[in-house]
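Numbers 194 to 856, taken from the working numbering, label the letters of the first sequence in order.
Here the structure comes first, spelled out in structure tokens, and everything after it is commentary.
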Amino acid sequence: MAGVTVRLPDGSTKEFEPGTSALQFAQSIGPRLAKAAVAATFDGEPVDLSRTLPDGAEVTVVTATTPLGREILRHSTAHVLAQAVLRLWPGAHFAIGPVIEDGFYYDFELPGGVHFTDDDLDRIATEMRAIMAEDQPFVRHEHSIAEGLELFGDQPFKREIIEAVGAGQDEVDVAAEGAGEHGVSTYWNSPAFTDLCRGPHVPSTGALGHFALMRVAGAYWRGDEKRQQLQRVYGTAWETDEAVAEHLHRLAEAEKRDHRKLGVELDLFSFPHELGGGLAVWHPKGGIVRKLMEDYSRERHAAGGYEFVVTPHLANANLFETSGHLGFYKDGMYPPMEMDNGTYYPKPMNCPIHCLIYASRQRSYRELPLRLFELGTVYRYERAGTLHGLMRIRGFTQDDSHIYCTEDQLQEEIGSLLDFVMSVLTAFGFTEFTANLSTKDPDKYVGSDEIWDKATDALRLALDHSGLPYETKEGDAAFYGPKIDIDVRDAIGRTWQLSTIQCDFNHPERFGLEYVGADNARHRPIMLHRALFGSIERFFAILVEHYAGALPAWLSPEQVRVLGVRNDHQGYAEEVAAGLRGRGVRVSVDPADEPLNARIRRAKLEKLPYILVVGDDDVAAGTVGVNRRGGERPERGVPLVDFTAALQREIDERIVPEPVADA
RNA sequence: GCCGGUGUAGCUCAGUUGGCAGAGCAGACGAUUUGUAAUCGUCAGGUCGUGGGUUCAAUUCCCACCGCCGGCUCCA
């Protein structure tokens with residue numbers, strides 16, 4: 194009988210007996226590889242190590258230290274989690290247990306409506322370790338839909354997943370759970386535990402063990418708020434205990450740069466209990482940063498051909514009826530105020546009011562594109578559970594603009610907007626951008642299909658021209674038009690959605706906006722909504738986290754602190770400070786009432802860009818000792834004029850430091 | 001809004017199986033005068049998130065509410 198020939202990743206081929214398993218294949222290459230293997234791929238398709246080699250396939254061995262290998266570890270660990278919960282809570286129903294970034298979760302419904310508490314995590318982990326010690330195999334089986342339904346007769350969620358296939362729903366979703374058009378696949382671990390799953394899995398539970406259960410949470414079945422809430426357990430799993438520890442360490446590091454923590458430590462802002470949930474106050478040090486951000490924004494907008502407008506915080510309900518927001522977002526708006534001549538709402542967005550400015554008089558095509566810009570403060574009633582520091586609050590300020598242009602101008606306007614956005618964000622130290630194109634939500638939109646297609650095409654074309662990498666998110670658009678969202682990557686690799694450019698044919702129509710064209714006829718303008726920071730509060734929070742509080746010199750609340758070695762250097766220290774202050778530098782003097790080291794430490798903890806130490810030598814020579822943030826060692830005897838010139842340049846040119854991953 | 005956790009001094013946290021509430025840092029005052037990440041001492045600082053209830057007695061036990069934290073849902 195002829196053997197099977199497979200290709201290796203290096204391009205070579207190798208022949209095997211028919212029936213050779215992927216594990217045997219790995220062993221033939223080396224015992225170390227076989228030991229490290231968690232799964233294999235046949236022509237790129239992940240499979241169990243027990244699978245037999247198909248003739249002609251390209252075969253790779255998946256080890257636990259690769260991204261795919263970790264996914265498999267995590268998925269298998271999730272199965273063990275489910276088995277442990279079913280052992281500890283007999284009669285529990287289990288739902289889905291997918292892999293997520295850096296970990297996994299599994300959703301359950303416990304008998305009698307019981308909820309998990311944090312204390313349960315230890316019990317579950319102990320049971321999981323017992324299952325791992327039992328070294329149960331993961332044995333794959335294929336079943337028909339009918340068999341699957343019978344197998345999971347007492348598991349309503351599993352049945353629902355299997356039934357969804359029959360109904361042709363959510364194919365992508367359920368495929369990962371092991372249900373497909375032609376049947377279902379399951380993994381058998383022990384007589385007491387079989388799970389619906391596409392696989393692949395590690396050969397046995399003994400191959401697992403480096404995991405941690407993180408937390409419990411409630412989560413709606415199938416992500417639907419109207420359906421029942423299940424009990425979710427989150428966990429993480431890695432190839433070694435060291436890798437688990439490193440992961441936990443990374444989480445701790447990320448926590449150190451949490452803007453809410455740094456906001457207290459650096460005295461930037463707070464959320465006074467007495468003020469109410471989701472409402473922030475900016476302290477002087479946060480306030481100056483915000484002012485600098487706003488000043489820079491205004492400067493760039495002025496240069497970019499924008500005109501500045503100001504609108505009130507309240508608006509008549511009729512306005513939001515006209516715009517359509519009340520219809521779609523009433524629940525997200527602050528409750529109305531009844532006043533003698535009508536009903537008023539705190540504005541949740543600025544666009545309808547900008548439309549009123551446009552409509553205040555007749556417009557000519559010569560005025561277009563008309564770019565109205567405002568740092569507009571809006572109020573949204575965010576649900577209590579969604580509030581999150583400055584990232585998600587109930588009152589915030591948008592760097593908002595509405596651009597009214599002709600159809601002919603649309604394409605160019607979008608293109609130059611993309612350039613403008615990235616240019617401004619770059620000044621704050623963000624250099625890696627990606628984009629998303631959101632298209633019409635078929636269940637939530639206004640306007641004709643034709644107009645949506647036109648707008649979507651314009652955005653797509655602009656993105657293609659820009660060279661920005663982007664993905665298309667079907668159905669993610671706002672109700673009034675498609676949009677481009679721009680994401681940035683921060684110092685520790687997280688991505689944040691910042692800017693948005695939204696194309697809107699609907700507001701102009703609803704507000705009856707017109708311009709007189711060169712043909713002396715009336716035409717309808719197109720409107721672009723756009724924000725670069727999105728919300729100033731949120732952008733500030735992202736900046737703080739990106740820099741771990743060590744903001745670039747041009748944005749630092751205090752840029753320089755001068756320390757005299759002894760009190761008799763105080764006069765010179767004041768002189769140095771006064772000179773810098775005269776050039777607009779934010780500087781203070783910390784007198785020698787305390788030892789130098791204590792004052793240096795304090796300034797370091799406050800993350801100042803520069804500490805100047807001045808002593809006898811400096812007084813004599815007109816120099817300063819420069820202790821630069823992030824610098825290796827301080828520099829002695831720098832001529833004051835040199836330091837001043839270099840600092841001035843750093844500030845004027847808005848030089849941004851390389852953000853460091855270690856907070 | 002839903003699930004879990006949590007709330008003690010400005011900050012970080014001890015503590016009380018129900019019996020007058022503690023530390024470090026920060027703050028004030030005094031001493032110290034210091035060349036690159038913590039000088040010493042003294043003092044002050046709290047209705048133990050809020051409101052009810054049980055009790056001779058509640059920061060502690062029970063109930064409700066509020067805030068915050070982690071998720072879910074939502075995010076114009």
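For every residue, glycine included, the Cβ atom is placed at its ideal position computed from N, Cα and C.
With H, G and I counted as helix, E and B as strand and the rest as coil, what does DSSP make of residue i?
i    : result
Y748 : According to the sequence as given, residue 748 is Leu; it is not Tyr. Helix.
W145 : Since the displayed the chain opens at 194 and closes at 856, residue 145 lies outside it and no answer follows.
V197 : strand
E251 : strand
Y185 : In the structure displayed, the chain extends from 194 to 856; residue 185 sits before or after that span and is not available.
N699 : helix
L840 : helix
L720 : Note that residue 720 is Met in the sequence shown, not Leu. It is a strand residue.
Y803 : strand
V365 : For V365, the predicted model reports a pLDDT of 46, less than 50, meaning its position is unreliable; a value from the coordinates is still stated below. Note: V365 maps to helix in three-state DSSP.
L580 : coil
G290 : coil
I586 : coil
W282 : coil
Y597 : strand
G180 : The requested residue 180 is not part of the displayed model; the chain covers only 194 to 856.
V709 : strand
D845 : helix
F513 : helix
S243 : coil
R754 : strand
T649 : helix
F464 : coil
E335 : strand
E500 : strand
For residue i, which residues does DSSP report across the bridge?
i    : result
M530 : Y537
F521 : According to DSSP, F521 bridges with nothing at all.
E828 : V819
E664 : N629
P171 : Coverage of the chain is limited to positions 194 through 856, which leaves residue 171 absent and any answer about it impossible.
Return the residue from the list the options that minimises the CA-CA distance to residue i.
i    : options                   : result
G823 : G808, L744, H403 and T429 : L744
R616 : S641, F589 and V681       : Position check: residue 616 holds Ser in this sequence, whereas Arg was assumed. The shortest C-alpha separation from S616 is found at V681.
A372 : R391, W381 and F386       : R391
L266 : Q695, P291 and W282       : P291
E846 : W747, S383 and Y663       : W747
V426 : P384, G296, F218 and K228 : G296
R703 : E514, T816, H581 and F301 : E514
W414 : T624, T429 and H286       : H286
F566 : I596, L281, G705 and A620 : I596
E787 : N760, I586, A813 and R779 : N760
Where does the unbroken alpha helix (DSSP H) through residue i begin, and where does it stop?
i    : result
V769 : Q763 to G775
K454 : H452 to E458
G608 : E600 to A620
L226 : P224 to A229
N509 : Premise fails: N509 lies in the beta strand (DSSP E), L507 to N509, not in any alpha helix (DSSP H).
E435 : D434 to K449
E738 : I729 to H739
S490 : P477 to A496
L389 : First-last for L389: F386 to L389, but that is the beta strand (DSSP E), not the alpha helix (DSSP H).
Which two residues bound the contiguous beta strand (DSSP E) that contains residue i?
i    : result
Q174 : Past the edges of the chain, shown from 194 to 856, lies residue 174, and the structure says nothing about it.
P239 : E238 to V240
A628 : F626 to S631
F566 : L563 to Y572
T170 : Missing from the structure shown is residue 170; the chain here goes from 194 to 856 and no further.
D680 : K676 to R682
N382 : G376 to S383
My assumption, with CB atoms under 8 angstroms, is that residue i sits in contact with residue j. Please give the rounded CB distance.
i    : j    : result
T270 : F386 : Contact flag wrong, Cβ pair sits at about 14 angstroms.
S631 : A670 : 4 angstroms
S378 : E335 : 5 angstroms
A858 : L583 : The structure shown does not extend to residue 858, since the chain is modelled only from 194 to 856, so the question has no answer here.
M530 : P541 : Incorrect: roughly 14 angstroms between the Cβ atoms, too far for contact.
V395 : F331 : 6 angstroms
L274 : Y299 : 5 angstroms
Y673 : S594 : The pair is not a contact, with the Cβ atoms about 16 angstroms apart (cut-off 8 angstroms).
R585 : E575 : 6 angstroms
G818 : R829 : 5 angstroms
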